[in-house]
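Asks: The structure that follows is given in the form of structure tokens.
Number of protein chains: 2
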Amino acid sequence: MDYRPDAGDARFLLEQVLDAPTRLRALAPFAEVDADLMGQVLDEAAKFVGAEIAPLNAVGDAIGAHFEAGTVTMPPGFADAYKAFREAGWPSLACAPEDGGQGLPWVLEGVLYEWLTGANHGWTMAPGLLHGAYECLKHHGSEALKARYLGRIASGEWLATMCLTEPQAGSDLGLVRTQAVPQADGSHRLSGTKIFISGGEHDLTDNIVHLVLAREPGAPLGPKGLSLFITSKFLDGGVRNAIVCERIEEKMGLHGSPTCVLRFEDATAWRVGEPGRGLSAMFVMMNAARLHVALQGVGLLDAAWQKAHAYAQERLQMRAPGAARSAAEADPIIRHPAVQRILDTERGWIDGLRVLAYHTGLELDAARHHADAGRRQSAQRWCSLVTPVLKALCTEQGAGGASRLLQVFGGHGYVREWGIEQHVRDARITLIYEGTNEIQAIDLLVRKVLPDGGAGIQALLQELAQDVDALADHGADTAARLQDACRLTQELVRASRARAALPFEAADDYLRAIGLALMGWAWHRIARAPGAAQGRWTGPRHALDLRVLPEYAMRAGIIRTQCSAAGAQAA
Amino acid sequence: MDYRPDAGDARFLLEQVLDAPTRLRALAPFAEVDADLMGQVLDEAAKFVGAEIAPLNAVGDAIGAHFEAGTVTMPPGFADAYKAFREAGWPSLACAPEDGGQGLPWVLEGVLYEWLTGANHGWTMAPGLLHGAYECLKHHGSEALKARYLGRIASGEWLATMCLTEPQAGSDLGLVRTQAVPQADGSHRLSGTKIFISGGEHDLTDNIVHLVLAREPGAPLGPKGLSLFITSKFLDGGVRNAIVCERIEEKMGLHGSPTCVLRFEDATAWRVGEPGRGLSAMFVMMNAARLHVALQGVGLLDAAWQKAHAYAQERLQMRAPGAARSAAEADPIIRHPAVQRILDTERGWIDGLRVLAYHTGLELDAARHHADAGRRQSAQRWCSLVTPVLKALCTEQGAGGASRLLQVFGGHGYVREWGIEQHVRDARITLIYEGTNEIQAIDLLVRKVLPDGGAGIQALLQELAQDVDALADHGADTAARLQDACRLTQELVRASRARAALPFEAADDYLRAIGLALMGWAWHRIARAPGAAQGRWTGPRHALDLRVLPEYAMRAGIIRTQCSAAGAQAA
Numbered sequence: 382m383d384y385r386p387d388a389g390d391a392r393f394l395l396e397q398v399l400d401a402p403t404r405l406r407a408l409a410p411f412a413e414v415d416a417d418l419m420g421q422v423l424d425e426a427a428k429f430v431g432a433e434i435a436p437l438n439a440v441g442d443a444i445g446a447h448f449e450a451g452t453v454t455m456p457p458g459f460a461d462a463y464k465a466f467r468e469a470g471w472p473s474l475a476c477a478p479e480d481g482g483q484g485l486p487w488v489l490e491g492v493l494y495e496w497l498t499g500a501n502h503g504w505t506m507a508p509g510l511l512h513g514a515y516e517c518l519k520h521h522g523s524e525a526l527k528a529r530y531l532g533r534i535a536s537g538e539w540l541a542t543m544c545l546t547e548p549q550a551g552s553d554l555g556l557v558r559t560q561a562v563p564q565a566d567g568s569h570r571l572s573g574t575k576i577f578i579s580g581g582e583h584d585l586t587d588n589i590v591h592l593v594l595a596r597e598p599g600a601p602l603g604p605k606g607l608s609l610f611i612t613s614k615f616l617d618g619g620v621r622n623a624i625v626c627e628r629i630e631e632k633m634g635l636h637g638s639p640t641c642v643l644r645f646e647d648a649t650a651w652r653v654g655e656p657g658r659g660l661s662a663m664f665v666m667m668n669a670a671r672l673h674v675a676l677q678g679v680g681l682l683d684a685a686w687q688k689a690h691a692y693a694q695e696r697l698q699m700r701a702p703g704a705a706r707s708a709a710e711a712d713p714i715i716r717h718p719a720v721q722r723i724l725d726t727e728r729g730w731i732d733g734l735r736v737l738a739y740h741t742g743l744e745l746d747a748a749r750h751h752a753d754a755g756r757r758q759s760a761q762r763w764c765s766l767v768t769p770v771l772k773a774l775c776t777e778q779g780a781g782g783a784s785r786l787l788q789v790f791g792g793h794g795y796v797r798e799w800g801i802e803q804h805v806r807d808a809r810i811t812l813i814y815e816g817t818n819e820i821q822a823i824d825l826l827v828r829k830v831l832p833d834g835g836a837g838i839q840a841l842l843q844e845l846a847q848d849v850d851a852l853a854d855h856g857a858d859t860a861a862r863l864q865d866a867c868r869l870t871q872e873l874v875r876a877s878r879a880r881a882a883l884p885f886e887a888a889d890d891y892l893r894a895i896g897l898a899l900m901g902w903a904w905h906r907i908a909r910a911p912g913a914a915q916g917r918w919t920g921p922r923h924a925l926d927l928r929v930l931p932e933y934a935m936r937a938g939i940i941r942t943q944c945s946a947a948g949a950q951a952a
Numbered sequence: 382m383d384y385r386p387d388a389g390d391a392r393f394l395l396e397q398v399l400d401a402p403t404r405l406r407a408l409a410p411f412a413e414v415d416a417d418l419m420g421q422v423l424d425e426a427a428k429f430v431g432a433e434i435a436p437l438n439a440v441g442d443a444i445g446a447h448f449e450a451g452t453v454t455m456p457p458g459f460a461d462a463y464k465a466f467r468e469a470g471w472p473s474l475a476c477a478p479e480d481g482g483q484g485l486p487w488v489l490e491g492v493l494y495e496w497l498t499g500a501n502h503g504w505t506m507a508p509g510l511l512h513g514a515y516e517c518l519k520h521h522g523s524e525a526l527k528a529r530y531l532g533r534i535a536s537g538e539w540l541a542t543m544c545l546t547e548p549q550a551g552s553d554l555g556l557v558r559t560q561a562v563p564q565a566d567g568s569h570r571l572s573g574t575k576i577f578i579s580g581g582e583h584d585l586t587d588n589i590v591h592l593v594l595a596r597e598p599g600a601p602l603g604p605k606g607l608s609l610f611i612t613s614k615f616l617d618g619g620v621r622n623a624i625v626c627e628r629i630e631e632k633m634g635l636h637g638s639p640t641c642v643l644r645f646e647d648a649t650a651w652r653v654g655e656p657g658r659g660l661s662a663m664f665v666m667m668n669a670a671r672l673h674v675a676l677q678g679v680g681l682l683d684a685a686w687q688k689a690h691a692y693a694q695e696r697l698q699m700r701a702p703g704a705a706r707s708a709a710e711a712d713p714i715i716r717h718p719a720v721q722r723i724l725d726t727e728r729g730w731i732d733g734l735r736v737l738a739y740h741t742g743l744e745l746d747a748a749r750h751h752a753d754a755g756r757r758q759s760a761q762r763w764c765s766l767v768t769p770v771l772k773a774l775c776t777e778q779g780a781g782g783a784s785r786l787l788q789v790f791g792g793h794g795y796v797r798e799w800g801i802e803q804h805v806r807d808a809r810i811t812l813i814y815e816g817t818n819e820i821q822a823i824d825l826l827v828r829k830v831l832p833d834g835g836a837g838i839q840a841l842l843q844e845l846a847q848d849v850d851a852l853a854d855h856g857a858d859t860a861a862r863l864q865d866a867c868r869l870t871q872e873l874v875r876a877s878r879a880r881a882a883l884p885f886e887a888a889d890d891y892l893r894a895i896g897l898a899l900m901g902w903a904w905h906r907i908a909r910a911p912g913a914a915q916g917r918w919t920g921p922r923h924a925l926d927l928r929v930l931p932e933y934a935m936r937a938g939i940i941r942t943q944c945s946a947a948g949a950q951a952a
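Here it is in structure tokens:
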């Protein structure tokens with residue numbers, strides 16, 4: 382079965398749980414965005430994704446992108462689907478009206494890309510970097526570069542890539558060696574090899590734009606010597622630029638997305654922003670990019686869940702415990718506790734992670750557009766602290782949860798025809814790209830929590846604890862967990878003074894603990910919403926309380942053991 | 382890099398940790414098996430597996446088994462490797478001397494197949510069912526059937542399959558429909574379709590033997606109507622039997638093993654054992670088969686670990702925290718805590734799981750061959766209770782741990798050339814076949830723990846607690862965990878009386894809790910062995926204590942929450 386986005390669920394979470402229309406209308410550019418408009422956009426998006434993109438998922442995997450003599454042919458149907466996507470205006474959904482965009486909030490684009498990924502991860506990689514390139518160029522590009530590229534990126538007429546990784550430089554971009562030699566006309570000549578370039582070559586658009594990290598002659602070693610450049614497959618007048626696609630990778634999954642090795646052979650390029658400021662120019666869009674990856678995890682998990690749920694309703698095996706005797710030899714496996722447990726637990730993850738990710742999307746919109754500087758700052762704090770948590774939490778669950786949902790199919794889950802094993806293979810990359818989950822954990826603890834002595838995250842956690850209704854069901858537990866996470870942060874801050882390596886050793890557990898504390902809050906929000914006390918929300922909520930949230934105490938215990946050891950070592 | 386079995390590790394665990402030579406020499410058939418002989422067998426096995434089988438792993442995945450017009454061609458090199466395997470006498474390692482076997486203990490065969498799987502899971506599927514077919518036929522076959530088949534199965538001249546699953550009958554074999562109609566000459570005619578038949582067709586041997594579950598006319602519905610039959614691709618005189626390979630499955634992994642759909646069109650077959658006793662004839666070898674699958678998980682995890690460990694020593698990225706300043710721009714990633722944590726934790730799992738699995742293999746040998754009936758019974762108790770735990774624990778860790786080890790490679794782990802993603806894809810099936818892990822959990826709790834009110838498992842856990850040296854490092858914790866698992870069992874037994882569905886709801890958590898309690902004991906045994914207090918064992922042991930064993934308390938807490946709810950509901 383193909384993935385079918387559920388616009389009703391998204392509307393419920395955005396409107397009833399997160400009060401999105403009110404929050405968005407408070408931002409000047411979105412004064413016209415009410416529940417009706419949001420609902421229309423979501424309904425249309427769900428329809429488009431389900432009808433045009435989802436049916437191409439299996440063929441994208443089975444046939445894949447094809448490389449021959451420097452060119453890449455995309456799987457059958459991908460180009461037509463992209464044409465339809467572009468003509469319907471989806472690429473420019475969240476671009477500014479002055480650039481030809483529709484000026485809608487980021488959060489709606491986030492939901493759109495979550496659904497696209499659930500429907501067809503491989504296809505979605507192609508337009509997936511458009512908006513990042515748009516933001517990067519809009520904020521840092523010269524007027525000349527904007528005139529050449531911005532409108533075409535906003536409209537999706539030309540697709541875009543990010544060229545960061547090199548064979549010797551992955552997580553450590555400071556090791557990048559690609560050279561950019563300035564020319565008399567203000568352009569640069571790029572030379573070097575970039576790897577893992579998603580959509581580095583394809584036949585979806587007439588031209589392909591590349592944003593490339595490189596080093597000018599004489600620039601210092603390390604990250605501070607890096608600048609950002611823009612270039613494209615074709616230059617003005619249709620002249621072919623000296624950019625060669627050497628090959629595409631054979632991968633575990635994501636076969637619908639060509640992962641290219643690109644060789645720049647004195648390719649003509651232009652610098653975007655100041656010299657030596659390449660990383661910061663790129664990182665302007667980092668939170669949005671990471672949140673997109675988090676939502677990919679959610680989309681893939683939901684796609685796997687839909688398949689497993691449908692299968693469990695139809696597959697008959699054994700009598701369920703306590704089932705009423707009937708003429709049937711066997712019951713649908715959804716009535717077996719072992720299967721129900723998997724479905725409810727993963728559903729609990731999906732719903733809770735959506736609340737956190739959509740809330741973060743709304744904060745991203747507030748950080749950009751709120752009139753009040755203090756409110757912008759608190760929104761920015763949320764995005765900065767929570768985005769790495771979500772990137773790791775959602776992708777870990779996307780891949781791990783999809784694998785658990787595969788289990789519902791028994792042996793049938795392992796064969797291609799049911800489609801669930803493709804989700805597991807596709808999802809695995811999300812734990813790695815856009816910064817590995819281990820890098821996310823270090824980003825959270827070492828770069829964001831420790832520098833202010835934990836003040837920022839403690840303030841955030843306290844605000845959530847105050848948002849909790851202690852009298853509601855599980856309210857006291859939820860608040861207590863958030864407050865314990867504050868204390869845990871303090872203990873970790875202190876112990877890190879005794880052992881410099883501790884933050885690196887405890888980072889993964891800390892990220893996970895914070896994530897679980899946030900999940901408790903998210904489900905508390907859901908449970909308070911009208912209508913969520915019964916029906917389809919009760920099973921997942923019970924599963925989350927019973928089986929997921931207890932991990933918080935385990936992680937906190939592991940961190941405290943490490944803090945004690947660090948203290949004892951120092952004493 | 383190809384997998385290289387480490388005979389030194391196996392010898393250390395068997396000799397120093399588990400006292401295997403003494404235990405085996407106490408069994409009459411193994412009176413000659415001393416440490417030297419075991420060492421020689423292990424050294425030879427390691428050499429053979431590393432030289433002949435491991436190098437074919439990547440080609441088996443990339444090219445895979447090929448189906449055309451009813452026949453299957455195995456990947457290049459597979460047939461020669463099988464010929465070498467057979468000529469070296471490996472198939473008959475643990476077969477009885479009177480059947481042409483070498484009469485060595487099961488535990489050595491277990492280690493051999495662990496290594497074979499780590500080296501090449503796909504190839505290993507081919508001989509993987511030989512020994513099970515041998516045991517089944519030896520115990521239940523008539524003299525005529527033994528004369529026809531037993532020696533050729535023991536020697537591996539003919540390979541063997543198990544034909545259980547049908548489209549409508551997976552976990553629920555009671556739904557099997559294949560018919561076996563008796564003939565005047567004492568044979569039967571088989572008709573029906575079997576799916577998921579590993580090695581149902583191939584070009585490795587001249588003939589293929591099938592053990593088939595089927596139903597005679599008039600047999601009762603459900604599992605009690607099933608009988609076991611033996612048949613083969615060719616009958617006496619080279620006559621082709623009416624068995625058609627319809628197709629092979631396209632799977633997530635394990636491409637080197639053809640997973641066949643077999644259609645029986647009035648195929649000539651003979652019943653093995655009594656009518657209606659098909660399942661029990663097959664289940665005679667169930668513990669051994671499940672332990673083999675557990676060891677597959679361990680082998681795959683070790684193969685993934687070897688790759689990740691080698692990569693982490695060579696890959697340079699970023700400065701490690703606290704690293705001495707040097708001219709190098711970056712340190713090997715093995716010096717980064719985030720990477721070390723993954724390597725140490727998975728190593729801790731591998732070593733601990735090996736102790737448990739090898740100990741279980743030794744108990745399997747004792748259950749078969751010990752002179753003392755009481756000792757045979759206690760060995761049987763161990764195998765019966767611990768085998769389902771290990772099947773689930775080892776395979777969960779095999780697939781999940783391989784995926785975590787993939788993370789060490791960053792983006793390189795996602796591309797084919799490093800080989801680690803193949804292990805993740807291959808390993809995924811082990812959570813499903815030979816009874817899904819959910820079925821293992823139900824087998825443990827519902828079929829084995831509850832029927833005697835928990836007495837058997839409590840006795841087993843108490844004996845382990847008494848084996849623990851409370852004065853040794855972590856000894857008190859290890860004993861306390863085992864004793865808590867006893868109390869937990871009692872609580873679950875009581876609460877299950879109040880809520881009949883509870884055992885099915887709590888089974889997975891219970892299996893996991895028992896598994897973790899056993900892991901604590903296993904590492905306690907390792908730590909007590911000479912030389913294991915330092916060197917390569919310390920990092921994994923620390924990781925296990927810090928990060929793995931705390932899950933016990935979490936699982937116990939989840940179970941207790943369920944027990945309380947069941948009690949409250951009943952009250």
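Protein sequence lines, in the order shown, are assigned to chains X and D. The first sequence begins at 382 in the working numbering and counts up one residue at a time. The second sequence begins at 382 in the working numbering and counts up one residue at a time. Glycine included, each C-beta is placed from N, C-alpha and C at the ideal position. Only a predicted model underlies this, so the values are computations on that prediction, with no experimental measurement involved.
1. Which bits of chain X does Glu646/D rub up against, with CB to CB less than 9 Å?
2. Determine whether the Cβ of Gln778/X lies closer than 9 Å to any Cβ atom of chain D.
3. List in chain order: all unbroken alpha helix (DSSP H) runs of 4+ residues lying wholly within the region 485–572 of chain X.
4. Does the CB of Glu449/D have a neighbour CB from chain X at under 9 Å?
5. How long is the line joining the alpha carbons of His502/X and Val665/D, rounded to whole angstroms?
6. Out of Gly657/X, Arg762/X, Glu646/X, point me to the one whose CA is closest to Glu844/X's CA.
7. Comparing alpha-carbon positions, which option in Ala808/X, Val796/X, Ser765/X lies nearest Ala822/X?
8. At a Cβ cut of 7 Å, what residues of the region 534–563 of chain D count as close to chain X, listed as they run along the chain?
9. Starting from the Cα of Asp807/X, find the closest Cα among Glu802/D, Thr811/D, Ile810/D and give me that residue.
10. What three-state label does DSSP hand Lys428/X in the structure shown?
11. Distance check for Gly431/X and Gly901/X, CA to CA, integer angstroms please.
12. Where does Ala701/D sit, in a helix, a strand or coil, going by DSSP?
13. How big is the Cα-Cα spacing for Val620/X and Thr612/X?
14. Under 9 Å, Cβ to Cβ, is there at least one residue of chain D near Ser784/X?
15. Could you check which residue in Leu609/X, Ala648/X, Cys544/X has the C-alpha nearest to that of Gln564/X?
16. For the alpha helix (DSSP H) containing Cys764/D, list its first residue and its last residue.
17. Could you please give the first and the last residue of the uninterrupted alpha helix (DSSP H) stretch that includes Ala908/D?
18. List the residues of chain D that Tyr814/X touches, going by C-beta distances under 7 Å, in chain order.
19. At a Cβ threshold of 9 Å, is Ala881/D touching chain X?
20. I'd like the span of the beta strand (DSSP E) that includes Cys641/X, first residue to last.
Replies: The short version:
1. Here the premise fails: no neighbours, minimum Cβ distance about 23 Å.
2. False, the Cβ-Cβ gap to chain D never drops below 9 Å.
3. If we require 4 residues or more, the alpha helix (DSSP H) runs fully inside the region 485–572 of chain X come out as 487–505, 511–521, 532–536.
4. Not closer than 9 Å to any Cβ of chain X, the Cβ of Glu449/D fails to qualify, so no.
5. About 46 Å.
6. The shortest C-alpha separation from Glu844/X is found at Arg762/X.
7. When only C-alpha atoms are compared, the closest one is Ser765/X.
8. Residues of the region 534–563 of chain D with a C-beta less than 7 Å from any C-beta of chain X: Thr546, Gly551, Ser552, Asp553, Leu556, listed in chain order.
9. Of the candidates Glu802/D, Thr811/D, Ile810/D, the one whose C-alpha sits nearest the C-alpha of Asp807/X is Glu802/D.
10. Here Lys428/X sits in helix by DSSP.
11. Roughly 31 Å separates the two Cα atoms.
12. Coil.
13. Val620/X and Thr612/X have their C-alpha atoms roughly 12 Å apart.
14. Cβ-Cβ to chain D under 9 Å: yes for Ser784/X.
15. The shortest C-alpha separation from Gln564/X is found at Ala648/X.
16. Taken as a continuous stretch (DSSP letters only), the alpha helix (DSSP H) holding Cys764/D covers 754–787.
17. Counted as a single uninterrupted DSSP element, the alpha helix (DSSP H) harbouring Ala908/D occupies residues 883–909.
18. Chain-order list of chain D residues neighbouring Tyr814/X: Gly792, by C-beta distance under 7 Å.
19. For Ala881/D, the answer is yes, since a Cβ of chain X falls inside 9 Å of its Cβ.
20. For Cys641/X, the enclosing beta strand (DSSP E) has its first and last residue at 640–653.
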